[in-house]
DNA sequence: TATATACATTTACACTTGTCAATATATAAA
DNA sequence: TTTATATATTGACAAGTGTAAATGTATATA
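Residue numbers (the numbering used here), protein chains in the order written: chain A, 1467 to 1570; chain B, 1467 to 1570.
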């Protein structure tokens, strides 16, 4: 079974601060120093969380001068949702009215 | 901020064995002893994972004699997907063609 | 009652993870 | 070059987590 990579992606969101970062980036790109002001964590801790999010593919980064700009990755988001959908769904396709299933 | 409960739900899937259990239950109800045969873990470990999944709401349990029958919870699945969608999405609603966004 | 089976709980341990202080690196400005 | 700013890395530590052995509990059967 090769769930290791999927577990890594799931774990990328298994933290309060990283959930907060995902919300903070929903309205567009932000640099690290701005995120740092919004979250009650130190700079090394933020740097650690951004690395986890970027490694998962959910967040993309762009360096400009001495600033790092972070933004949600459309491909990463799409891929993440599809991955989750593979595990969090029932077998309704074999039912009589699959389109009415809760998992849709 | 109150991400604690959401983090707990995310963490419910942040384990290889629990992902495997979600797949094993996709085709319908199974009792613990059957799951035990499919996974390479001991009985106490399975019991622990089932508790985590049930507490998250993703899995429902039903006791029948000395057997515990586990199944995916439609409500739990629906709720989980909605919760994830709240974090893993961009701000496309404010764009010109939100329906064409990757996050849909 | 005695025995067997299915499952839960307790306990202990190794491993992982989030955190911050200290330090390092890179870039821009004075 | 010197100084200030933004970020990354290292190291240490406490807390959390997955695991299995041992044990407990409930139910069914002989």
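Here a beta-carbon is modelled for each residue, glycine too, at the ideal position from N, C-alpha and C. Given the structure is predicted, the values throughout are model-derived calculations rather than measurements.
In this structure, does DSSP put residue 1529 of chain B in helix, strand or coil?
strand
Closer than 7 Å by beta-carbon distance: list the chain B residues that pair up with residue 1472 of chain A, in chain order.
1485
Contact set for residue 1539 of chain A: own chain, Cβ-Cβ below 7 Å, skip 5 residues either direction:
1523, 1524, 1525 and 1526
Inter-residue Cα distance where the pair is residue 1534 of chain B and residue 1528 of chain B:
6 Å
Identified DSSP bridge partners for residue 1538 of chain A:
A/1525
What residues of chain A sit near residue 1501 of chain B, judged by a beta carbon separation below 8 Å?
Those within 8 Å of residue 1501 of chain B in chain A number zero; the least Cβ separation is about 14 Å.
Any chain B beta carbon closer than 8 Å to residue 1526 of chain A:
no
Please tell me whether residue 1572 of chain A has its Cβ less than 8 Å away from any Cβ of chain B.
Chain A is shown from 1467 up to 1570; residue 1572 of chain A falls before or after that span and cannot be answered.
For residue 1556 of chain B, the three-state DSSP class (helix, strand or coil)
coil
Comparing the C-beta of residue 1496 of chain A with each C-beta of chain B, is any distance below 8 Å?
no
Please compile the residues from chain A whose C-beta is within a distance smaller than 8 Å of the C-beta of residue 1518 of chain B.
Correct list: empty, because the minimum Cβ distance to chain A is about 12 Å.
Buried or exposed: where does residue 1500 of chain A fall if 16 or more other Cβ atoms within 10 Å of its Cβ makes it buried?
exposed
Are any of the Cβ atoms in chain B nearer than 8 Å to that of residue 1507 of chain A?
no
Short CB-CB distance (under 8 Å) between residue 1482 of chain A and chain B:
yes
Can you pull the chain B neighbours of residue 1546 of chain A, defined as C-beta to C-beta under 7 Å?
1554
Alpha carbon to alpha carbon, how far is residue 1520 of chain B from residue 1497 of chain A? Give it in angstroms, no decimals.
39 Å
Take residue 1518 of chain B as the anchor and find which of B/1554, B/1536 and B/1531 has the nearest alpha-carbon.
B/1536
Which residues does DSSP pair with residue 1499 of chain B in a beta bridge?
Its beta-bridge partners do not exist; DSSP assigns none.
Residues of chain B with CB closer than 7 Å to the CB of residue 1538 of chain A, please, in chain order.
1556
Go ahead and label residue 1483 of chain B buried or exposed: buried means 16 or more other beta carbons lie within 10 angstroms of its beta carbon, across all protein chains shown.
buried
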